[in-house]
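Residue numbers (UniProt numbering), protein chains in the order written: chain F, 1 to 418; chain E, 1 to 418; chain A, 1 to 418. Here is the structure we will look at.
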Amino acid sequence: MSEMHALVRRLYPLCRSITGSGLRRTLEIIGESIPLEISEVPTGTQVLDWTIPKEWNIRDAYIKDSSGTRIVDFAASNLHVVGYSVPVSATMTLEELRPHLHTLPGRPGLVPYRTSYYAETWGFCLSEETLAGMGPGPYEVRIDSTLADGHLTYGEHVIPGRSAEEVLVSCHVCHPSLANDNLAGVAVATRLARLLAREERHYTYRFLFAPGTIGSIAWLARNRDRAGRIRHGIVLACAGDRGPITYKRSRRGDAEIDRVLAHVLRDRPHTLVDFSPYGYDERQYCSPGFDLPVGCLTRTPYAGYPEYHTSADDPDFVTEEAMLDTLDTCVRAFEVLERNRTYVNLSPYGEPQLGRRGLYESLGGRSDTKQAQMAMLWVLNQSDGAHSLLDISERSGLPFDVVADAAQALLVAGLVKE
Amino acid sequence: MSEMHALVRRLYPLCRSITGSGLRRTLEIIGESIPLEISEVPTGTQVLDWTIPKEWNIRDAYIKDSSGTRIVDFAASNLHVVGYSVPVSATMTLEELRPHLHTLPGRPGLVPYRTSYYAETWGFCLSEETLAGMGPGPYEVRIDSTLADGHLTYGEHVIPGRSAEEVLVSCHVCHPSLANDNLAGVAVATRLARLLAREERHYTYRFLFAPGTIGSIAWLARNRDRAGRIRHGIVLACAGDRGPITYKRSRRGDAEIDRVLAHVLRDRPHTLVDFSPYGYDERQYCSPGFDLPVGCLTRTPYAGYPEYHTSADDPDFVTEEAMLDTLDTCVRAFEVLERNRTYVNLSPYGEPQLGRRGLYESLGGRSDTKQAQMAMLWVLNQSDGAHSLLDISERSGLPFDVVADAAQALLVAGLVKE
Amino acid sequence: MSEMHALVRRLYPLCRSITGSGLRRTLEIIGESIPLEISEVPTGTQVLDWTIPKEWNIRDAYIKDSSGTRIVDFAASNLHVVGYSVPVSATMTLEELRPHLHTLPGRPGLVPYRTSYYAETWGFCLSEETLAGMGPGPYEVRIDSTLADGHLTYGEHVIPGRSAEEVLVSCHVCHPSLANDNLAGVAVATRLARLLAREERHYTYRFLFAPGTIGSIAWLARNRDRAGRIRHGIVLACAGDRGPITYKRSRRGDAEIDRVLAHVLRDRPHTLVDFSPYGYDERQYCSPGFDLPVGCLTRTPYAGYPEYHTSADDPDFVTEEAMLDTLDTCVRAFEVLERNRTYVNLSPYGEPQLGRRGLYESLGGRSDTKQAQMAMLWVLNQSDGAHSLLDISERSGLPFDVVADAAQALLVAGLVKE
């Protein structure tokens, strides 16, 4: 019943980063639900304009006061250590330690989330309240981490369809103990993959679980040809908070996926925003060289909620109900994508006589029958090869499903062809 | 003075259908005002996806009670018989008869209009009040009709213009005693044809009086080449009720006829609606194979008034004033079509000196003179071969006639050419 | 401090017309600030559809009453004589004189401005109050003018740029003692030319001071090839009244100059109006044969203020502050034009790693740094050769300068090329 929320809770304690064992363990757990093909990209590999960094692993970290009490303890929350901190083992006064301490002065009870992937440094994140209680020291400071040649890891799950054309669902999996950003996205994607596998599909669906930025860049670098097969895609993030859905359009702005999301969201509270080159991995998919039709589906977007990138983004912040709603949006969008074809009317001169084919109820009356008949007339009228069923649904104001059912009936009757 | 209304009253009692003698007699009466070329298409002829049905004729029909009184009588109103009813002669109880009786429960005093062209059946239409007064029977039930091989009839009136390009005015003539739908349209079209004939025209005008759907389909099937000459067209229907004008755009949506109607209607109450593949014969003209620039001009559109397809749509429901207003709209639209040319400025570098050609009043002052001069400057500035006079009128905000007069003055002065 | 206003006051008393010594003297005075190349076009020269008229010069003019008092005196204001009046020397009663007298009955204290360039006549302009005080006469009436073969004069100032492509600034200089129309425009243009010369420019800037209509037509006739080099242009007029700026778009409507002006004006009170073929010399530049991207920049447009074309349009009507604001608008618009380039991202697959190039501050924080980084991401994302920096500024909502600075930084880093 709360399958997605259970996955969020299980993944939450792991210390993920853009490389390392926490990331690998996360992919293993996802792999229990949906088989993942794992890729390991060695440190130093050139990927597009970037280079795979060293692999980072951490076992323990703390700041101990003179009584031996851990004032700040990695074991309590992995947010306490700045991601990619180099090893430290020293005794320091507060004054010496202070430049390495990060707090949120405006929200004294919360621990911030910080990383420093590409500049070698170290640091601790703690609450302003903890900092306020700290005397002049000295303190025992220790970060038991390693930064060494290794690999960057990502995982893929593919559901083959009748067509080699792909729909991409991409989730970043590099954030440590943060629930909405992005364990909720991971949980929704995992559930979505299982739902989609239940029936035969037109499109091939590719789920990519990769560290943000460098992960999607690595995938793109190693799959340049495959990228060209992506016909539609979404980046799934912040999928579990209580806010309404936000869909950020692809760079193209009017890609089919953009129109489909607008269509399935139109009768519910939602926000549509134009593309901007900031956010999640749509930045990479929508770089001008690739310009893929990939948008970003979230509930409240990044930095749009006060819990963002703090210890308050914990499993209680996300709900199964919200994740189900995000899942439902994806399912409905993909249903439209699957059925959105463009037909050609084979009897385009005048209306074909529907009555003698049993497609026109002379008595009519029931409103769903009338809607179905209107949908047939619309499909016949617009099917000149230039209008998709989504176009027809939008122009006619009829629900997409009714239009698609009408097209199916006309296809069976031999009045239209694909 | 009320010439159109008189025609409505004269045609009203005839029992029209999509074939038969009532239809023929209607065309004869129209032909007294404007000569019609009559076409007879034999039963069984394949026309596009359809087949011409048997011809239906009816002489009498009634339901008599045991006292011999005609409870329901075709002679009182031809709406009482379901169109295309097969012959019946039987004695039946009310219970047996009931499935063949059609009423309007919500409007107990009115008789509905029903047909069954393509499913062989029979029936009577009556008021709910009449039905309520009927005892268990038995009743003598008789429909003296014939459904036999014959012809479908339609009539055309053509006003030749300087150009072989055509403007089509199409009216359905298949409804029996219903005044607004479509005797008012027939009356307006007939008067319009006489008005247009008074002076030489650029376009050739074709008036088509044909039964709905199957009639326009038959015409299109037999005039595929001619259809290609139709540059503009309107389907004229519901032309006499007291509501404001509604213009439904052609499938193209931005055809010249669509822009012209929007232009002539803009300063008066009206409604513009987008094309939909339901309504009158624009459905056929705008099928994707033909995709003709034909819109539909009505006052209140079909099904938009409570009298629609009932005995309340009688001659008192339509007014001469409303028909004159519909006529005026057509006349003004066709005036714009006639004058809407695209010119080329022969002196396009800088403004030509209008003063030395007597085209620029140095003193100015009168506002119509100023408007005329502004119109000349606009025509000169925009006449690069890509902007019609209607474009110029819309861009400048000047009345079309003023712009067209300015173009004429510039043409005479040799400053523009067509 | 009030350099522009001083120029207005100095030029104000001169009796300018479309030809003659007042026009020449005006160009001489402008030439003291910015060197002008003077062109003299002989009477009778065919220029496009027009012919250069005779040159008009005037020395004196008056209406004297019987006591010898000058009731109306050219020496007091050159507006008193209808421009291009032929010589007169006569004694006339008021009744005889009356058809030659022009007043503004609605504004009894003001003297109107009138001309009659192309119809040979003569006349005086005076206030309604003066007229009311005039007895039956007789009056000594004298206009000491000459209308003879001569020349039409215009002046040009060119600031060469790296490119032969030109930006045109055009001012009419044919109005006598009228300050806003157009001495303020002349003063702003003169100051603008000096400002632009201070640094190297991409574009070549051409300033044209010419009589209205016939002057720009003469220039166009003699510079057909050069006209083709004009990439952007503005007609500068009514540049000194206290109203907000109005920009009238070029005929094209979406020329770069049109978008640039809309951009620099967007955060301040202003009005944008579409092109119309009436106003100032944009009428000639935007005639369909040339169709140059030239708009018209004014404060309150012609005929939009009650002082227009009357003696109330005097130096007190215009302010240095308003002229400085007009100047600032021009400067900012030309800055955008100068910097508005289209770049190509040389690393278009994924985002380039800005951090290792020192272009990405890992700590961030300062809002101008964040804006600069967003601008770099936008420039990289949109620089596919189809989007200019102005496009990017408008799509991103970032200030143009920030976007242009970001592009410059990326250019230096070798990440984009022009």
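All residues carry an ideal CB built from backbone N, CA and C; glycine is no exception.
CB contact below 8 Å: residue i versus chain F
i: residue 399(E); result: no
i: residue 52(E); result: no
i: residue 200(A); result: no
i: residue 343(A); result: no
i: residue 347(A); result: yes
i: residue 277(E); result: yes
i: residue 284(E); result: yes
i: residue 325(A); result: no
Distance between beta carbons of residue j and residue i, contact taken as under 8 Å
i: residue 77(A); j: residue 111(A); result: 6 Å
i: residue 19(A); j: residue 56(A); result: 6 Å
i: residue 209(E); j: residue 155(E); result: 5 Å
i: residue 7(F); j: residue 190(F); result: 6 Å
i: residue 264(F); j: residue 333(F); result: 5 Å
i: residue 290(F); j: residue 349(A); result: 6 Å
i: residue 141(F); j: residue 90(F); result: 5 Å
Beta-carbon proximity check, residue i vs residue j, cutoff 8 Å
i: residue 205(A); j: residue 169(A); result: yes
i: residue 16(F); j: residue 174(F); result: yes
i: residue 288(F); j: residue 345(A); result: yes
i: residue 371(A); j: residue 398(A); result: yes
i: residue 248(A); j: residue 215(A); result: no
i: residue 159(A); j: residue 222(A); result: no
i: residue 52(A); j: residue 44(A); result: yes
i: residue 327(F); j: residue 178(F); result: no
i: residue 135(A); j: residue 172(A); result: no
i: residue 340(E); j: residue 256(E); result: yes
i: residue 130(A); j: residue 71(A); result: yes
Contact with chain E by residue i, beta-carbon distance below 8 Å
i: residue 118(A); result: yes
i: residue 377(F); result: yes
i: residue 428(F); result: Here chain F has residues from 1 to 418 only, and residue 428(F) is not among them.
i: residue 84(A); result: no
i: residue 356(F); result: yes
i: residue 8(F); result: no
i: residue 217(A); result: yes
i: residue 258(A); result: no
i: residue 410(F); result: no
Chain A within 8 Å of residue i, Cβ atoms only
i: residue 124(F); result: no
i: residue 167(F); result: no
i: residue 288(F); result: yes
i: residue 380(F); result: no
i: residue 383(E); result: yes
Residue environment, residue i, which counts as buried when at least 16 other CB atoms sit within 10 Å
i: residue 198(E); result: exposed
i: residue 153(E); result: buried
i: residue 46(F); result: exposed
i: residue 347(F); result: buried
i: residue 22(F); result: buried
i: residue 281(F); result: buried
i: residue 251(F); result: buried
i: residue 2(A); result: exposed
i: residue 54(E); result: buried
i: residue 299(E); result: buried
Q | Meets three-Cβ-pair contact criterion under 8 Å: the stretch 297-314 of chain F and the stretch 107-114 of chain F | A | yes
Q) Between the stretch 60-76 of chain E and the stretch 226-233 of chain E, do three or more beta carbon pairs fall short of 8 Å? A) no
Q | Inter-stretch contact at 8 Å, needing at least 3 Cβ pairs: the stretch 178-190 of chain F / the stretch 239-247 of chain F | A | yes
Q.
Would you call the stretch 241-255 of chain E in contact with the stretch 290-304 of chain E, where contact means no fewer than 3 C-beta pairs closer than 8 Å?
A. yes
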